[in-house]
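Written out below as structure tokens is the structure these notes cover.
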Amino acid sequence: MNRTLITSALPYINGVKHLGNLIGSQLPSDVYARFCRAKGHEVMFICATDEHGTPAELAAAKAGKNVADYCMEMHDVQFELARGFRLSFDHFGRSSSEQNHLLTQYFAGKLAENGLIEEISEKQVYSNTDKRYLPDRYIEGECPNCGSPDARGDQCENCTKQLEPTDLINPRSAISGSTDLEVRETKHLYLKQSKMREKLDNWIKQKSDWPILTTSIAKKWLHDGDGLQDRGITRDLDWGVPVKKGAVDWGGMEGKVFYVWFDAPIEYIAATAEWAAKNNKPKEEWERWWRTDKGAENVNYVQFMGKDNVPFHTLSFPATIMGADDNWKLVDFIKSFNYLNYDGGQFSTSKGRGVFMNQALDILPSDYWRWWLLSNVPESSDSEFTWDSFQQGVNKDLADVLGNFVSRITKFCRSKFGEIIPEGNEYGPREFTVINQLEERIASYENNMAKMEVRKSAADLRAIWSIGNEYLQDAAPWTLFKEDPQSSATIVRFALNLIPLYAALSEPFIPDATDTMVTAMNVDKLWPENISNSLTLLKAGHKFSVPEVMFAKITDEAREEMNEKFSGKK
RNA sequence: GGGCCUGUAGCUCAGUUGGUUAGAGCAGAGCGCUCAUAACGCUUUGGUCGCAGGUUCGAGUCCUGCCGGGCCUACCA
Numbered sequence: 004m005n006r007t008l009i010t011s012a013l014p015y016i017n018g019v020k021h022l023g024n025l026i027g028s029q030l031p032s033d034v035y036a037r038f039c040r041a042k043g044h045e046v047m048f049i050c051a052t053d054e055h056g057t058p059a060e061l062a063a064a065k066a067g068k069n070v071a072d073y074c075m076e077m078h079d080v081q082f083e084l085a086r087g088f089r090l091s092f093d094h095f096g097r098s099s100s101e102q103n104h105l106l107t108q109y110f111a112g113k114l115a116e117n118g119l120i121e122e123i124s125e126k127q128v129y130s131n132t133d134k135r136y137l138p139d140r141y142i143e144g145e146c147p148n149c150g151s152p153d154a155r156g157d158q159c160e161n162c163t164k165q166l167e168p169t170d171l172i173n174p175r176s177a178i179s180g181s182t183d184l185e186v187r188e189t190k191h192l193y194l195k196q197s198k199m200r201e202k203l204d205n206w207i208k209q210k211s212d213w214p215i216l217t218t219s220i221a222k223k224w225l226h227d228g229d230g231l232q233d234r235g236i237t238r239d240l241d242w243g244v245p246v247k248k249g250a251v252d253w254g255g256m257e258g259k260v261f262y263v264w265f266d267a268p269i270e271y272i273a274a275t276a277e278w279a280a281k282n283n284k285p286k287e288e289w290e291r292w293w294r295t296d297k298g299a300e301n302v303n304y305v306q307f308m309g310k311d312n313v314p315f316h317t318l319s320f321p322a323t324i325m326g327a328d329d330n331w332k333l334v335d336f337i338k339s340f341n342y343l344n345y346d347g348g349q350f351s352t353s354k355g356r357g358v359f360m361n362q363a364l365d366i367l368p369s370d371y372w373r374w375w376l377l378s379n380v381p382e383s384s385d386s387e388f389t390w391d392s393f394q395q396g397v398n399k400d401l402a403d404v405l406g407n408f409v410s411r412i413t414k415f416c417r418s419k420f421g422e423i424i425p426e427g428n429e430y431g432p433r434e435f436t437v438i439n440q441l442e443e444r445i446a447s448y449e450n451n452m453a454k455m456e457v458r459k460s461a462a463d464l465r466a467i468w469s470i471g472n473e474y475l476q477d478a479a480p481w482t483l484f485k486e487d488p489q490s491s492a493t494i495v496r497f498a499l500n501l502i503p504l505y506a507a508l509s510e511p512f513i514p515d516a517t518d519t520m521v522t523a524m525n526v527d528k529l530w531p532e533n534i535s536n537s538l539t540l541l542k543a544g545h546k547f548s549v550p551e552v553m554f555a556k557i558t559d560e561a562r563e564e565m566n567e568k569f570s571g572k573k
């Protein structure tokens, strides 16, 4: 049996994510996971909240909560939203879990053992008022280059010059505005990625089938300037995984934690361990996904992420895995995405611009969002959400093409034959032609799905739905009924049989609609392995019911209202 | 500044290793149908493929330059 391990980039903990975050990894990974399951793969689909780092601490402080409580609450919020969007994770973990603490410390220990960790003493800015070290971008001041008063410690946004925090004139804390800052000497661990450069380079070179977006970013980091740089993997923070060498304390590293980007990818593994613990499964059950010496050698591991995550998944995390040199599973394929913009600009949490996951579900059910987002996923370049496009895509594809097909044939049958599959004759040439068309399109659909070509898959699916309307129009059972009800019944039986087929094929994109169709037709969901056979599943005499309108249309008034509401006036 | 991606019909996008009349969906126009969520089907109008050179028997596809859009540039994650 095919075994597929799928991970989605971890959403950060500091708030509800917007639609751009959703379509950037979670949603496409869910489509792929559902497809693999439907094709009979054994699937492990993992996601988690990424809970460490300065922004989490600040968000908690702002909410007036201690960071552990805050993260627990936000994890629950994100978990519920994931359910709301029907994301079918086998486990949605937390990077703050005990499992991740242990594994992160284990990996650090292994890397140290293998000579890949270096202790470096460096100077960091400390804020006495905030009682914390400040990351470069949390220090603001006047730009020495252009004089902008709001330059950040890593870069001036006004003149784009790269800066060091000590370059700033009159530096202040971005958190409190305090100028009571001092430079302190502090020791940190660095992952010697530079030593792994050749190995990583050779590995990336083999991946000619990966998206260009993925490999070009990796190559840039490998070859730019002096090549791949070592990376600090510890921070002076309270909240995080305490720095340890495996199970033992790390001298000189007291009070420090691992950098969020070191522990976050390890959470993919740890979350699988969380899954095992939660389901009372032994250690072997998660190790067979992650240890090539314990069953993972035949696992196909696919990662999904936005382009901002690519360097960490193509270089840092593989450096950790390779560097540990202990039979851990490396990723086989990285599917990366561009950004979704909102109506001519970026989504913005601070400006209240764009649609966030909770708001989206308040407006319309998840299928609407899933369909539009997936059929417009930023695959080859950045793409853009507009209410106009959303209304048009949803109304046309879901309401008119699919929803109306289901509606017209079930209602026609009910009025002429009742809510029961009529018998009629054997299928004839017209039906065989349609079967051929379906076979062709479904083959294309499956091929594109297997390649994770999401947009093309959506286009195929839509074309498959459309075949039903073309058939009905051509066969016109309503005309035939007047003189030859028997032949009309054949057409109705065939058309009704399309509904379970559509239900199964549509499930990766619009799972709720699949449930509606399956329930209405009173059948089990079954991925078609043989199209001809699958269109004879509903036999004469089988009872069904006419479903409620599957997709109500978005009105012009509603569109205008939403457009106004989310434009981010303030 | 450097690097990467991108520019194909009004809009959103496909265009395989360069090969005959450049495709799809939406929008527009016309016709048809009346089972259906004023839905559906058929036909059809739109493109000197950003611009200028070059390579080639042949370029949307390769090369060079220019113009426009986007992203990344390592302490946000």
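Counting from 4, one number per residue, gives the positions in the first sequence under my numbering.
C-beta atoms are modelled at their ideal positions from N, C-alpha and C, and glycine is treated no differently.
Since the structure is predicted, the reported quantities are computational estimates derived from the model, not experimental observations.
Using CA atoms only, rank isn't needed, just tell me which of the options is closest to residue i.
i, options, result
"L194", "V263, D487, V397, G118", "G118"
"N148", "I142, K546, C159, R140", "C159"
"V583", "D296, G298, W292, K297", "The question about residue 583 has no answer, for the chain in this structure spans 4 to 573."
"E101", "I269, L225, S28, L240", "I269"
"L529", "E510, K248, F350", "E510"
"L405", "M308, V495, L508, P432", "L508"
"L25", "F110, L13, G254", "L13"
"Y73", "A279, E54, I172", "E54"
"I172", "V186, M524, A154", "A154"
"A462", "F484, D487, K399, F497", "K399"
"H545", "I423, S418, S319", "I423"
"F547", "P514, G180, E567, R496", "R496"
"T78", "D241, D391, G18", "The amino acid occupying residue 78 in the given sequence is His; Thr does not appear at that position. When only C-alpha atoms are compared, the closest one is G18."
"P381", "D403, F388, N341", "N341"
"N103", "G249, L483, V437", "G249"
Taking the alpha-carbon positions, what's the residue i to residue j distance?
i, j, result
"E532", "R356", "45 Å"
"S469", "T218", "37 Å"
"D266", "G228", "27 Å"
"S32", "I9", "7 Å"
"G235", "K454", "35 Å"
"R200", "D233", "10 Å"
"L203", "M325", "9 Å"
"N205", "D212", "14 Å"
"D272", "V457", "In the sequence under discussion, the amino acid at residue 272 is Ile, which differs from the Asp named in the question. About 26 Å."
"R135", "D239", "8 Å"
"W372", "I557", "12 Å"
"D559", "Q349", "24 Å"
"F336", "W278", "23 Å"
"N312", "K223", "14 Å"
"T132", "S181", "6 Å"
"P245", "A274", "18 Å"
"S151", "G309", "31 Å"
"L377", "S537", "27 Å"
"S124", "H191", "6 Å"
"S3", "G27", "For residue 3 there is no data in the structure shown, the boundaries of the chain being 4 and 573."
With 16 other CB atoms within 10 Å as the buried threshold, where does residue i fall?
i, result
"K284", "exposed"
"Q209", "exposed"
"S11", "buried"
"Q29", "buried"
"A243", "The residue asked about is misnamed: residue 243 is Gly in this sequence, not Ala. Answer is buried; the Cβ neighbour count reaches 16."
"L501", "buried"
"K332", "buried"
"N69", "exposed"
"E563", "exposed"
Just to confirm the assignment, what range does the alpha helix (DSSP H) spanning residue i have?
i, result
"R356", "Premise fails: R356 is in no alpha helix (DSSP H) and is neither H nor E."
"A453", "432 to 453"
"I324", "320 to 327"
"C416", "407 to 419"
"F497", "488 to 509"
Between which two residues does the beta strand (DSSP E) harbouring residue i extend?
i, result
"F336", "336 to 340"
"A12", "It is not in any beta strand (DSSP E) - A12 carries neither H nor E in the DSSP assignment."
"I172", "172 to 176"
"V305", "302 to 309"
Rounded C-beta distance between residue i and residue j? I'm assuming under 8 Å.
i, j, result
"H21", "F359", "5 Å"
"K113", "D346", "Rounded, the Cβ-Cβ distance is 48 Å, inconsistent with contact."
"E442", "I513", "The pair is not a contact, with the Cβ atoms about 22 Å apart (cut-off 8 Å)."
"A466", "R433", "Rounded, the Cβ-Cβ distance is 19 Å, inconsistent with contact."
"L464", "Y448", "6 Å"
"T517", "M553", "Contact doesn't hold; Cβ gap of about 10 Å is too wide."
Regarding residue i and the ligand GDP, is the C-beta to nearest heavy atom distance less than 7 Å?
i, result
"N303", "Summarising the ligand content, the structure contains no ligands, and the ligand GDP is consequently not present."
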